[in-house]
Structure formats: C-alpha cells, structure tokens
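Report on the following structure.
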Amino acid sequence: MFEKEKLESIRVSAKEYRERLEAQVKKRPERQAEFATDSGIEIKTLYTPEDIADLDYERDLGFPGSYPFTRGVQPNMYRGRLWTMRQYAGFGTAEETNARFRYLLEQGQTGLSVAFDLPTQIGYDSDHPLARGEVGKVGVAIDSLEDMETLFEGIPLDKVSTSMTINSPAAILLAMYIAVAEKQGVTPDKLNGTIQNDILKEYIARGTYIFPPGPSMRLITDVFAYCSKNVPNWNTISISGYHIREAGSTAVQEVAFTLADGIAYVQAAIDAGLNVDDFAPRLSFFFNAHLNFFEEIAKFRAARRLWAKIMKERFGAKNPRSWMLRFHTQTAGCSLTAQQPMVNIMRTAFEALSAVLGGTQSLHTNSYDEALALPSDESVLIALRTQQVIGYEIGVTDTVDPLGGSYYIESLTNEIEEKAMAYINKIDELGGAPEAIEFMQKEIKDSAYRYQMDIESGKKVVIGINKFQMEYEKPKNLLKVDPAVAERQTAKLQALKARRDNQKVKQVLNNLREAASTKENLMPLFIDAVKAYATLGEICDTLREVFGEYRQQIVF
Amino acid sequence: MSERPIRVLVAKPGLDGHDRGAKVIAQALRDAGMEVIYTGLRQTPEQIVEAALQEDVQVVGLSILSGAHMHLFPAVVEGLRAQGADDILVVGGGIIPDEDIPLLKEAGIAEIFGPGTPTTEIIRFIREEVAKRTQKGEGKQ
Chain A
1 MFEKEKLESI RVSAKEYRER LEAQVKKRPE RQAEFATDSG IEIKTLYTPE DIADLDYERD
61 LGFPGSYPFT RGVQPNMYRG RLWTMRQYAG FGTAEETNAR FRYLLEQGQT GLSVAFDLPT
121 QIGYDSDHPL ARGEVGKVGV AIDSLEDMET LFEGIPLDKV STSMTINSPA AILLAMYIAV
181 AEKQGVTPDK LNGTIQNDIL KEYIARGTYI FPPGPSMRLI TDVFAYCSKN VPNWNTISIS
241 GYHIREAGST AVQEVAFTLA DGIAYVQAAI DAGLNVDDFA PRLSFFFNAH LNFFEEIAKF
301 RAARRLWAKI MKERFGAKNP RSWMLRFHTQ TAGCSLTAQQ PMVNIMRTAF EALSAVLGGT
361 QSLHTNSYDE ALALPSDESV LIALRTQQVI GYEIGVTDTV DPLGGSYYIE SLTNEIEEKA
421 MAYINKIDEL GGAPEAIEFM QKEIKDSAYR YQMDIESGKK VVIGINKFQM EYEKPKNLLK
481 VDPAVAERQT AKLQALKARR DNQKVKQVLN NLREAASTKE NLMPLFIDAV KAYATLGEIC
541 DTLREVFGEY RQQIVF
Chain B
1 MSERPIRVLV AKPGLDGHDR GAKVIAQALR DAGMEVIYTG LRQTPEQIVE AALQEDVQVV
61 GLSILSGAHM HLFPAVVEGL RAQGADDILV VGGGIIPDED IPLLKEAGIA EIFGPGTPTT
121 EIIRFIREEV AKRTQKGEGK Q
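Just so you know, the sequences run in chain order A and B. The opening residue of the first sequence carries number 1 in full-length UniProt numbering; numbering runs sequentially from there. The opening residue of the second sequence carries number 1 in full-length UniProt numbering; numbering runs sequentially from there.
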C-alpha cells in the first residue's frame, strides 16, 4: 500500500515516537500492564502504516461486491437498502406469537424470525413426558401444520422473509412453511427466508440435537438439493457462530469453528453429488456482536475474506455468489446483566453498531430485560428503535465500510484471519468439524472459564457486576408465559388426532420410514406428511426408529 | 472429622442446551478442591436423583435457563427425599424470576444463584452449608 521510501521514513519517525512514549510511560504508568482483545490479541499503543506494510489493496481488500469481499458483499451496501431488522420472537401458542409478529411488522420491522420452544426444536409434541414444563417457554410450540397455519395467519408469505431458528427438524418445519404458503396460494419459488439447519453447532454448543451426525448431515444436504430446484430464494442453512460465542468462545474461535462447520457442510453436499455452485450461493451465516468493538468489526471483515478464499481456492467455486459470506447478526446475550438492566440498552447499541460497521445483512438487537425474562413488548420496541437510530440518524450507513483502511482495523482483520486459519488447519488435521466436536467444546469451555475468572479478578470490567454497583430498580412488566399453554396444546393435539384421516397419517409415516433407510431425498415425503397433519413428534419418532439418537460426549 | 473433599453433582435438567454456566461452575468448584461430576444435557429429575445417589454426593447443583425450573427443580428435591437422601444440599442457578425464588426455597432448594453471581460466593455457600450438615449428622450419631 505504501512506497518503500515513505515506509522507511515512517520507520525512522516511529522509532523516535516510541522513545518518547517509553519515557512517558516510565513517568506515568498506563492503566493496565497490557492491553488485549477478547481473543487475546495484543493491542499496541498505536497503529501505523508499518503494521499493514504488506497489505495489497486489490488482493486483500478489493472493492465491495467483489472478491474477496472484505469491504462488503454489495457494491453500495446500505446506500441501497438498510439491513433487514429482524427481531427473534416467539412464545406460548401460535396465536400469541402471531400477535407479536403483527405488532413488530406494524412498528417497521422488515423480516420475521421465529423462536420455537425446546420440545419443537427437539422433535417432541407438547404432550410428550419430556416436554413437561417446557411448552411455549423459550419459543412458540408447533406440533403440527395446524399450529403453523395459525402462526402465519394474516401474514402474506410472498411479502415477508422469515427466518426460523430450527435445526435438527429444520427440513420438517420448512415443509410446513411450504405447505402454509401453498394454502395462501404462494408457490415455493416466491418464498424468502432462512432455516438455521446447522446441526454441527448444536453438537458443539447449543444442544438441540436429535439424530447422530451421519443422518443429520443427510437431512441437511437433502434440503440443499431440494431447495436449489424448488425454493431457489431460500437460505438453506445459517451456519452459526452465535451460539459458539454465547457458550464462551473468543472472536477468533467463533470465526474458526463456524467456517470449519461450513467447510464440513460444503464437503458433505459435494460428497452427496451436488455441484458446489448449485447450492453454495444459498449458504448464509449467523454471527454474534460482542462488546469488544473494533475486534468485532474486524471479525466480520476477516470472516468474509476467509470464506471467499475457502470457497474459491479449496472448493473451486466459480460463481461469485458462492464466494460471498452473507450473515445475520445478533447482539451478545451473554453480555447483558440482570443488574442495572437499563445499561443493557447501551451495550446492545454498541454491539449493533459494530455489526453495521462490519457489514451485516440482517440484525437482531437484544432487549434490556433478557437477563431476567423473555422480552416484553416495551423492551423489544426499544431494541428495534436502537437499530432504527443506527440506520436513520447517525450517518454510518452513508458510505461503504467506513473503517476500511484504518491501520488498526486492517491489522486486526489480518490477525483474526491468520489465527482462525490456524484453528481450521488444526480441525482439518483432526478429520474435519464432525470429528473435532470435543476439541472445539474444550477450547470453548476453557475460554468461557478464563472470561469468568477475568471478571472475578476485576481484570475485565462489567458495570453493575464488579464496578459501579448500586441499588437499582428491577424492570416491571416482565413477560410471563401462561402456564396453561401446555394444556391448550395438548387439547389441540387430541382434537387434531380425532379429526384427521389417521389411515392417511399411517401411510405417509410408513412411506417416510421406508425412504429414510434409502438415499431418497426426504423433503417431498416431509411435505406429504405435514399436509396429512402428521405431528412433528410422529415424524421425528419415525426418523428416530431409522436413524437412532445422538449421545453427547461429556467434555469437562 | 475426615477431610474428604466435598462431592458435587452439577446437573442440567430439562431440554435446554445452555451449559456455559454449568461448566464454568463445575470447573470453579473443582479448582476450589471439590470433586465434581457433570451430568451433561437433558437429564430428567429421575436420572439426576439416581446419579446423585450413585455418586454419593453431598451437593446437587441444578442449572436451567429455559424457564422450566418450577417444574423440574422441586421434582429433583422430591425424588431425593423419596430415596431418603434429604441430607443432600440442592442449589440452583439460571434465569429464575425473583417471584419464583421463595417458592423454590419452600420446595427445598437451599439457594438460587442468579446471573452475575461470583463463583466464590457459590463456593463459600456450599462449604458453609455442607459443614453445617456434617456437624448435624455427627450430632445425631
């Protein structure tokens, strides 16, 4: 980037600067003996052209919308359209969640994001013994197509984009979505949205797995293949670092483990006979926006550049869309405090700003009361308004990648990419992500422990926890899920089972059982099954018979 | 009195997969000299009771973030009582609304540790409570 002679002259004056600096620090010691990012990358007092002397603009940064996409995936980024403001929501019954969706759309939200309760995520109906106490708690309870119809009642599916946080049974929930759309007269090619469908991070960090890795990867590649032909605008997977970070990883580990998972999915699809450019353009990603502001911005840029290289060089993808890392971001839930909860609004705002400066395609901002309960209507509104302030009031959206070229940001971007690549090489040596689950879990656990100990020693400051503590008012109007949800769901299930054509249900489940033990693509069978009102639990139980269940190795 | 280390079972009841807290606590207790067994995810109250008896622990630490605590925490205490193991100290943590805490204590959970609790506070509580229970146990004999 810099002329040789110029660089030499900078080196000389930098030496003088460092001498003055040393004298100053000797006289007056700095606040800390050392400064480092959350990933342990040492932070210098000052960054200069020396730190990015090897940077080649065209090779390493390029132009937005072009390889290697360091500066963003579109040529004009937010000057064209702002990111999609997408608040993750769902609780209780489909009726209640439908009301929250309509409320958010009225307030200017531009996309939907469905939270499912744990029984739904693990493929149990609401009347299953293991569902006791969990129905409708962390998301909406969906037992059958009937609930899904209610969830999207009055919401035209050709006009919204919908993201669904569903993994092990993702293919089945997508089948339900396609069936609901059909009832609205919307064909699959008009559908926009995302299913998370990322099982590897469930094994690593999030825990809602059902089946072992082999059949789980097959379900994922079935979705890739089906959607590339029938639902071309659907994001077939959201390869997620979010939960890896929430489980305690560093920023570098978040990038590394997420892209290692991505590599495993691409490889699995290629092994299943798919052409990389047929499915890779629909892969999407999901990252965390944590507190260490500049490291987070650099993280998003590094992830984009690294993925582009992986797709082009490792997998030989030819379509530029296959090289693009498009991502959703959510602010860090684990950075919120139950103490002085209003302070969380500020934390969330800075995190959201880092995601925007890092070029996110969509964003969820957490609500200030989320260390205490599910968000209320009031707190979720402030969270949405935070995004709107960033988007409309403070001018950060008027030019592309405004921090590009900053000595610090570029240096950090390089370091994060390098360190993430070293992890990916290590995971490759272990045989790839599916073989490295325990390795990643251990790395995450160690980072989480270090983070907690840094808080307890005071090395890391958390306002309200280890500094500036005070008496504070607890938020009122916390959302409480009606405990009668489980009974209502159970009653609905009983009525459904009495009303539907049970002979037909038996038949579609038998067809599914047979197909599951062959290599046939299961998506059409899921669509048949949900249309016959087979329940999610019945469908998953059928698969459990054929696939078996995953048993976790305890890493501790 | 013997100086055998305090034995603790850290358990994740219910379906929720968030075990960052459980693992951090488990490691902190271990670093404080306790013997710690971690159950892993998705344990039913019955499985937790069985593990507590089998491992002969003095303490069961339950962690839950999904909101199913009112159902699952008391079920563990009841299970232990039914097995005659009501001397085992049961503590809990996670996202637990304030208004639920008195009800959980009434149900036999000795203490609830919310977000932001230093691990040192949990260690101190466990040591004090176990010491009290050991003295009481010795007094009985």
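Cβ coordinates follow ideal geometry from the N, Cα and C atoms, glycine included.
Interface partners of residue i on chain B, CB under 7 Å
i	result
G132 (chain A)	Note that residue 132 (chain A) corresponds to Arg in the displayed sequence, not to Gly. Neighbours of R132 (chain A) on chain B, chain order: H71.
I554 (chain A)	Y38 and G40
K460 (chain A)	Within chain B, no residue comes near K460 (chain A); the closest Cβ sits about 13 Å away, beyond 7 Å.
A289 (chain A)	Residues of chain B passing the Cβ test: none, with the nearest at roughly 18 Å.
K442 (chain A)	Here the premise fails: no neighbours, minimum Cβ distance about 10 Å.
K445 (chain A)	K23
Own chain partners of residue i with C-beta closer than 7 Å, once the 5 adjacent residues on each side are dropped
i	result
V49 (chain B)	V76, G79, L80 and Q83
E202 (chain A)	N167, S168, T208 and Y209
S66 (chain B)	G14, L15 and D16
A171 (chain A)	L219, D222, V223, L522, M523 and F526
Residue i Cβ short of 6 Å to the ligand NAP heavy atom set
i	result
Y472 (chain A)	No copy of the ligand NAP occurs in the structure displayed, which carries no ligand at all.
Within chain B, partners of residue i - CB distance below 8 Å
i	result
L104 (chain A)	Per Cβ cutoff of 8 Å: no residues; L104 (chain A) is ~21 Å from chain B at best.
L274 (chain A)	Near L274 (chain A) there are no residues of chain B at all, since even the closest Cβ is about 30 Å away, more than 8 Å.
I465 (chain A)	G116
Contacts that residue i makes with chain A (C-beta to C-beta distance below 7 Å)
i	result
V8 (chain B)	Those do not exist, as V8 (chain B) stays about 12 Å from chain A at its closest Cβ, beyond 7 Å.
G114 (chain B)	A338
Q27 (chain B)	Y449
G33 (chain B)	Near G33 (chain B) there are no residues of chain A at all, since even the closest Cβ is about 16 Å away, more than 7 Å.
D100 (chain B)	Near D100 (chain B) there are no residues of chain A at all, since even the closest Cβ is about 10 Å away, more than 7 Å.
P118 (chain B)	E456
Chain-order list of residues whose beta-carbon lies under 6 Å from that of residue i (same chain, five-residue window excluded)
i	result
K445 (chain A)	none
N477 (chain A)	S376
K312 (chain A)	W323
V186 (chain A)	L157 and D158
V481 (chain A)	F91, G92, G136 and K137
residue 558 (chain A)	What is shown of chain A runs 1 to 556, which leaves residue 558 (chain A) out entirely.
M1 (chain B)	Because M1 (chain B) carries a pLDDT of 48, less than 50, the predicted location of this residue cannot be relied on, and no value is offered for it.
Beta-carbon proximity of residue i to residue j, cut-off 7 Å
i	j	result
T337 (chain A)	G464 (chain A)	yes
A205 (chain A)	H243 (chain A)	yes
F73 (chain B)	I109 (chain B)	yes
D143 (chain A)	L536 (chain A)	yes
G92 (chain B)	L53 (chain B)	no
N341 (chain A)	Y368 (chain A)	What sits at residue 341 (chain A) in the sequence shown is Pro, not Asn. In contact: P341 (chain A) and Y368 (chain A) (Cβ atoms closer than 7 Å).
F279 (chain A)	S228 (chain A)	yes
V546 (chain A)	A516 (chain A)	yes
I6 (chain B)	V90 (chain B)	no
V60 (chain B)	I88 (chain B)	yes
M164 (chain A)	I195 (chain A)	yes
Spatial neighbours of residue i in its chain, beta-carbon cut-off 8 Å, leaving aside the 5 residues before and after
i	result
T39 (chain B)	L9, V10, A11, K12, Q47, I48 and A51
V356 (chain A)	Y78, W83, L363, I390, G391, V396 and T397
L509 (chain A)	A529, A534, E538, I539 and T542
Q141 (chain B)	With a pLDDT of 48 at Q141 (chain B), under the threshold of 50, the modelled position of this residue cannot be trusted, and the question is left open.
R314 (chain A)	I263
L104 (chain A)	Q87, A89, L112, V380 and L384
Residue i: contacting residues in chain B (beta-carbon distance under 9 Å)
i	result
G207 (chain A)	K12, L15, D16, G17, H18, D19, L41 and R42
Contact set between residue i and chain A, taken where Cβ atoms lie within less than 8 Å
i	result
V60 (chain B)	Chain A residues near V60 (chain B): none, gap ~16 Å exceeds 8 Å.
Partner residues on chain D for residue i, Cβ-Cβ distance less than 7 Å
i	result
V24 (chain B)	The structure shown has no chain D; the protein chains it does contain are A and B.
Taking one C-beta from the segment 34 to 48 of chain A and one from the segment 318 to 325 of chain A each time, how about it: are there three or more such pairs within less than 8 Å? Output reads no: the segment 318 to 325 of chain A does not touch the segment 34 to 48 of chain A.
Any C-beta of chain B within less than 7 Å: which residues of the segment 125 to 151 of chain A qualify? L130, R132, G133, E134, K137 and V138
Anything in the segment 322 to 354 of chain A with a Cβ closer than 9 Å to a Cβ of chain B? List those residues in chain order, please. C334, L336, T337, A338 and Q339
What residues in the segment 67 to 98 of chain B bring their beta carbon closer than 9 Å to a beta carbon of chain A? The residues in question are G67, A68, H69, M70, H71, L72, A75, I95, P97 and D98.
By the 9 Å beta-carbon criterion, what residues does the segment 475 to 492 of chain A contribute toward chain B? L478, K480, V481 and P483
If contact is defined by three or more beta carbon pairs under 8 Å, each pair taking one atom from either stretch, is the segment 80 to 87 of chain A in contact with the segment 137 to 155 of chain A? The answer is no - the segment 80 to 87 of chain A does not touch the segment 137 to 155 of chain A, with fewer than three Cβ pairs under 8 Å.
When the Cβ atoms of the segment 253 to 265 of chain A are set against those of the segment 427 to 440 of chain A, are three or more pairs found closer than 8 Å? yes
Determine contact between the segment 124 to 135 of chain A and the segment 483 to 491 of chain A, defined as no fewer than three beta-carbon pairs at a distance below 8 Å. yes
Given a limit of 9 Å on CB to CB distance, which residues of the segment 106 to 122 of chain A reach chain B? D117, L118, P119, Q121 and I122
Give me the subset of the segment 243 to 267 of chain A whose CB atoms are less than 9 Å from a CB atom of chain B, sorted by chain position. H243, E246, A247 and G248
Tell me, please, whether the segment 26 to 42 of chain B touches the segment 152 to 171 of chain A by the rule of three or more beta-carbon pairs shorter than 8 Å. no
Within the chosen definition, does the segment 365 to 383 of chain A reach the segment 8 to 25 of chain A through at least 3 CB pairs nearer than 8 Å? no
Okay, do the segment 403 to 413 of chain A and the segment 291 to 307 of chain A touch, 3+ Cβ pairs below 8 Å being the bar? Yes: at least three Cβ pairs fall under 8 Å.
Report yes or no: do the segment 233 to 242 of chain A and the segment 272 to 285 of chain A share at least 3 C-beta pairs separated by less than 8 Å? yes
Closer than 9 Å, Cβ to any Cβ of chain B: which residues of the segment 365 to 381 of chain A, in chain order? E370, A371, L372, A373 and L374
Is there contact between the segment 108 to 127 of chain B and the segment 455 to 473 of chain A, where contact requires at least three CB pairs shorter than 8 Å? yes
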